[in-house]
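Participant:
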Amino acid sequence: MISTFFIVGALATFPLAFGQYSYSTVNATPTLRVATSIHATSTLVPVSSGTGSSKPAIQTIAVGQNGLTFTPDTIHAKVGEQIVFEFFPKNHSVAQADFNTPCKPSNGGLFSGFIATPQGRANQSFTITVEDDKPIWLYCPQNAPRPHCAAGMVAVVNPPKSGPNTLDAFKLAAAKTNSTGSTAPTGGLVGGQISAPGSSSTPSGVLPSGAVSPSIVPFHGAANELAVSSVLGLIGVFAALLL
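Numbered by mature numbering (1 follows the signal peptide of the UniProt record, and there is no 0), the letters in the sequence shown go through residues -19 to -1, 1 to 224 in order.
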């Protein structure tokens, strides 16, 4: 018969024998470590932030919210920033002119097309991205019921820091076109994009609000489970010998 003391002694060595091995979630090969009990390790997995950059700064101009005006009528914007034009009753547009010829479209200049709304803010907005720091002179080419540009519906993005080319001078020159009215660009949308006001998309690599971003992956290695099962099996064998 096997000695009880031998069995108890053998059982006492199992924690030391099996506790020397742990398994990483990255490499299933066992590595020798100093330990006194069976344990599992976890590996930190960094969450990629993706390649998307931060969203550009956005400034908003209300078109026709306070009568025949752009509000504000002067914008200072850096290269890469966006300007969103939101439209109000009844029917307005945004077009680009040269300083010396207000109320007439510049060659290849911006044009939003006409956006109408019977009341409140229109369900479409016009967004442009500032490409350089040159002045952008703007006007509304609507002529009904009277010429909007001649009535002072003009604006400027990045006006000159000095000199005679001011918004007031541009507005004064626009008023002199009242007899002829303003001219709208031919063709469709130029130099921007039409979208719903306030619409946005999630940048690459950014999780939507409420999404779960796991930072730790629990250890579930098959090798570790096998080691534990082996210990339990051997304990069962020695327990049977005691009977």
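Using N, Cα and C, we set each Cβ at its ideal position, and we do this for glycine too.
Quick one: what's N72 bridged to in DSSP?
Facilitator: Beta-bridge pairing links N72 to A97.
Participant: What's the gap between the Cα of G202 and the Cα of S35?
Facilitator: For G202, the pLDDT reaches just 45, beneath the cut-off of 50, and the residue's location in the model is therefore unreliable, leaving the point undetermined.
Participant: Under 6 angstroms Cβ to Cβ from S52, same chain only, skipping five residues before and after it: list those, please.
Facilitator: Residue 52 is actually Thr in this sequence, not Ser. Around T52: A43, Q46.
Participant: Can you give me the C-alpha to C-alpha distance between N159 and C84, rounded to a whole angstrom?
Facilitator: One C-alpha to the other measures close to 10 angstroms.
Participant: Determine the extent of the beta strand (DSSP E) in which K152 is found, giving its start and end residues.
Facilitator: Unbroken run through K152 is the alpha helix (DSSP H), 148 to 156; no beta strand (DSSP E).
Participant: Counting C-beta neighbours from all protein chains within 10 Å, is the total for L170 16 or more, i.e. buried, or is it exposed?
Facilitator: Answer is exposed; the Cβ neighbour count stays below 16.
Participant: With respect to the beta strand (DSSP E) encompassing P83, which residues constitute its N-terminal and C-terminal limits?
Facilitator: It spans 82 to 86 - the beta strand (DSSP E) in which P83 sits, taken as one unbroken run.
Participant: Could you tell me the alpha carbon to alpha carbon distance between H73 and I175, rounded to whole angstroms?
Facilitator: Those two C-alpha atoms are separated by around 14 angstroms.
Participant: What are the residues that DSSP puts in a beta bridge with L119?
Facilitator: Paired residues: Q77, A136.
Participant: Does the separation of the CB atoms of V111 and V65 fall below 8 angstroms?
Facilitator: Not a contact, by the Cβ cut-off of 8 angstroms.
Participant: Have a look at P178, A165, P145 and flag the residue whose alpha-carbon is nearest the alpha-carbon of N81.
Facilitator: Per the Cα distances, P145.
Participant: Spatial neighbours of I56 within its chain, please: C-beta separation below 7 angstroms, excluding the five flanking residues on both sides.
Facilitator: Answer for I56: Q40, I42, I64, V138, listed in chain order.
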